[in-house]
Amino acid sequence: MAEYEVFDPVDPNDEFKEYSNDRKHRWRNIIILVIIIAVGAYLLTGVYQVGPSEVALVKTFGAYSSTTGPGIHLHLPYPFQSHVIVDVRTINKIEIGFRTTSSGRTTSYVFVEEEAEMITGDQNIISIEAIVQYRVSDPVDYAFNVIQGDDLVKLTSESVLREMVALLELEKVLTTERDKVAMETARRIQEIMNDYEAGIQIENVYLQDVTPPDPVVPAFDDVNNARQDQQTSINEAQRYANDVIPRAEGEAVKILNDAQAYAYEQISKATGEAERFRIMLEEYRKSEEITKNRLILDSIQKMLENSKIKVISEKGDTLNFINIAEVMGDD
Amino acid sequence: MIEMTKMTIWAVTIIIVFLGLFFGLTSFYIVEQTQQAVVLRFGEIKNVRTEPGVYVKAPFIDNVVKFEKRFMIYDIPVERVITFDRRTVLADTYAIWRIEDPKRFIETLGTMEVAMTRIDDIVYSHVRDVIGTYSFSEVLSIQRLKILEEIKKRSVNSLKDFGISIIDVRLKRTDLPQENTQAVYERMKSERYAMAAQLRAEGEKEAQKMKAEADKKSKYNKSRCSKRS
Chain A
464 MAEYEVFDPV DPNDEFKEYS NDRKHRWRNI IILVIIIAVG AYLLTGVYQV
514 GPSEVALVKT FGAYSSTTGP GIHLHLPYPF QSHVIVDVRT INKIEIGFRT
564 TSSGRTTSYV FVEEEAEMIT GDQNIISIEA IVQYRVSDPV DYAFNVIQGD
614 DLVKLTSESV LREMVALLEL EKVLTTERDK VAMETARRIQ EIMNDYEAGI
664 QIENVYLQDV TPPDPVVPAF DDVNNARQDQ QTSINEAQRY ANDVIPRAEG
714 EAVKILNDAQ AYAYEQISKA TGEAERFRIM LEEYRKSEEI TKNRLILDSI
764 QKMLENSKIK VISEKGDTLN FINIAEVMGD D
Chain B
-19 MIEMTKMTIW AVTIIIVFLG LFFGLTSFYI VEQTQQAVVL RFGEIKNVRT
31 EPGVYVKAPF IDNVVKFEKR FMIYDIPVER VITFDRRTVL ADTYAIWRIE
81 DPKRFIETLG TMEVAMTRID DIVYSHVRDV IGTYSFSEVL SIQRLKILEE
131 IKKRSVNSLK DFGISIIDVR LKRTDLPQEN TQAVYERMKS ERYAMAAQLR
181 AEGEKEAQKM KAEADKKSKY NKSRCSKRS
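Each protein sequence line maps, in turn, to chains A and B.
Just so you know, we're using the working numbering here: the first sequence kicks off at 464 and counts up by one.
Just so you know, we're using the working numbering here: the second sequence kicks off at -19 and counts up by one.
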């Protein structure tokens, strides 16, 4: 082959050979490139990134081996090592009885009746909207012991909240025991999570809205109105009493004063009379006859002043009629 | 010739690598932390692996079936249940379960779908039975925990044979059927209106009393003074 080539340097096939040789090289290059890319891609399965609120659990042959924090990390490629990322800082929120639906900037709440309505211990129905906040406290437990952690917290919360409400009376849930229900619920959910070894920490349970169910609201409002009405009646009565009693007291004082005044007047009059009498007595002693006559005349005058006396004279044939009042000139 | 041998060497290497990879992949298997596995050889159970790690198996002949090891939730659909005093409640229960014994599980149930229906049947029947022995008010409130405990105990016993362990059975909701809900609303309303009426009447009463008291006081004062005068 080689000899042949020497003797015929301008073989028309030569160009073709060059070309095929070139092509072979190109193919080899492509294959090498592909292999490098493949190996590179394969090695990349060992590179992973952990976000600021997360941790990564590294598994060697499927078994948990170590935990790494935020940053970019490297582990052995598949199938030797793999990792799971768990968010351990973010506080997750579960909504009971309502859903937040955010479209763009506006957030609106949708009421979920069958979830919110619960039966109380005295067999009434109450509507409760609650929020349960939790976070992952133990990523290993959370990742490897439970599946659907979110659902687990949701179902447990719902069932525990109902349990708590079912132990109390409606009136108490609405008013005094409200905070206690939230606290007890949180405590109980935590207990159950610990039982499951779910690695979940319940941060808070908030009862957002505790109200009677919608169809009953007017009746509850009426009770409140009645309470107002009751107070109004009492206030009105108070006003009446406040008005009447001082007035009566005033009147009483007036009566008393009038009486006192009258008494004083009578006394003064009597004293005056007595004085006059005493003076008269002296006069009388001085000139008995004149005074006696004067007294009689005085008395008659006083008598006549106060009465309408008609004197009928029987002397003569004609009946004489003297109207004293007319004669005296006045009544 | 050299080119040819080179080619054959390449080909042989590639074939060996591929074969090696192929056998490697088919004769090893990894059980994840969250899994457990049963090794079947022509349908016969050869091995059960409940711990995570890498294991060897015979390629082609051995078939590995993996199952979930974590706690799972099975939400049982809402059912109408009749209490001891013949009243209907809607019971919405769920169970927390896991595959405790994969060998038993694969022998008796085989797949998760079958397992789900079995759990549904068994737990539901216990829910019905246990609730049926309690009265309505007991189911709703005080005896709830006891009822759940009993349902759980019975379910654990019945499902043990299937390699399933019931960790918990809980009542998510015990609601009244729609028609009863209306009746409860009506009762609540009438109670409230009665309460309102009473409050108003009490207000009236109090007011009357206060007014009468005031009148009495004023008259008394007046007459006492008149007497003195």
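Just so it is clear, CB atoms sit at the ideal spot from N, CA and C, and this is done for glycine as well.
Residue i classed as buried or exposed, judged by whether at least 16 other C-beta atoms fall within 10 angstroms
i        : result
B:Arg78  : buried
A:Asn667 : exposed
A:Gly713 : exposed
A:Met464 : Its pLDDT being 43, under 50, A:Met464 is placed unreliably in this model, and the value from its coordinates should be taken loosely. Exposed, because fewer than 16 other Cβ atoms sit within 10 Å of the Cβ of A:Met464.
A:Gln723 : exposed
A:Gly612 : buried
A:Val616 : buried
B:Gly4   : exposed
A:Lys766 : The sequence shown places Met at residue 766 of chain A, not Lys. Exposed, by the Cβ-count rule.
A:Glu468 : Note that A:Glu468 has pLDDT 48, beneath the 50 cutoff, so the model's placement of it is unreliable and the number below is only indicative. That one is exposed.
B:Gln16  : buried
B:Leu89  : buried
A:Tyr505 : exposed
A:Gln571 : In the sequence under discussion, the amino acid at residue 571 of chain A is Ser, which differs from the Gln named in the question. With fewer than 16 other Cβ atoms within 10 Å, it is exposed.
B:Gly183 : buried
A:His488 : exposed
Beta-carbon contacts of residue i that lie in its chain and below 6 Å, excluding the five residues immediately before and after
i        : result
A:Phe470 : Any reading at A:Phe470 is ruled out, since the residue's pLDDT is 49, under 50, leaving its predicted position unreliable.
B:Ile62  : Thr68
A:Thr648 : Val623, Leu624, Met627, Val668
A:Thr674 : Ser590
B:Lys46  : Gln15, Ala17
A:Val510 : Leu537
Sequence-distant residues of its chain with Cβ nearer than 7 Å to residue i (five each side left out)
i        : result
A:Leu670 : Ile591, Ala593, Arg641, Val644, Ala645
B:Lys196 : none
A:Glu660 : Asp604, Asn608
A:Val549 : Glu517, Val518, Leu520, Val599, Pro602, Tyr605, Ala606
B:Gln123 : Tyr114
B:Val119 : Thr63, Val69, Ile111, Ile127, Thr154
Three-state secondary structure (DSSP) of residue i
i        : result
A:Lys617 : helix
B:Phe40  : coil
B:Tyr165 : helix
A:Gly534 : strand
B:Lys152 : strand
B:Phe22  : coil
B:Asp72  : strand
A:Ile557 : strand
B:Ile62  : strand
B:Arg78  : strand
B:Lys49  : coil
B:Gly33  : strand
B:Ser145 : strand
A:Ser516 : coil
A:Thr639 : coil
Cβ neighbours of residue i in the same chain (closer than 8 Å, five flanking residues each side left out)
i        : result
A:Met581 : Ile588, Ile589, Ser590, Ile591, Leu624, Arg625, Val628, Ala629
A:Thr583 : Ile589, Val628, Ala629, Leu631, Glu632, Leu633, Val636
Quiz item: Which runs of the beta strand (DSSP E) fall wholly inside the region 657 to 691 of chain A and span at least 3 residues, in chain order?
Solution: 663 to 674
Exercise. Report yes or no: do three or more beta-carbon pairs, one from the region 59 to 73 of chain B and one from the region 151 to 171 of chain B, lie closer than 8 Å?
Key: yes
Self-check item: In chain order, each alpha helix (DSSP H) run of at least 4 residues that lies wholly inside the region 727 to 768 of chain A
Solution: 751 to 768
Quiz prompt | Meets three-Cβ-pair contact criterion under 8 Å: the region 120 to 130 of chain B and the region 145 to 156 of chain B | solution = yes
Practice problem: Kindly provide the ranges of any alpha helix (DSSP H) runs that are 4 or more residues long and lie completely inside the region 561 to 623 of chain A, ordered along the chain. | Solution: 576 to 579, 602 to 608
Quiz item: Taking one C-beta from the region 680 to 690 of chain A and one from the region 173 to 191 of chain B each time, how about it: are there three or more such pairs within less than 8 Å?
Solution: yes
Practice problem: Would you check if the region 624 to 635 of chain A and the region 532 to 547 of chain A touch, i.e. whether three or more CB-CB distances between them fall below 8 Å? | Solution: no
Quiz item: Does the pairing of the region 35 to 53 of chain B with the region -3 to 12 of chain B give three or more beta-carbon distances under 8 Å?
Solution: yes
Quiz item: How about the region 527 to 536 of chain A and the region 560 to 570 of chain A: do they share at least three Cβ pairs that are nearer than 8 Å?
Solution: no
Self-check item: Minimum length 4: unbroken alpha helix (DSSP H) runs contained in the region 108 to 137 of chain B
Solution: 116 to 120
Quiz item: Would the region 134 to 141 of chain B and the region 174 to 189 of chain B be scored as touching if the rule is three or more Cβ pairs under 8 Å?
Solution: no
Exercise. Would you be able to state if there are at least three C-beta pairs under 8 Å between the region -8 to 1 of chain B and the region 20 to 34 of chain B?
Key: no
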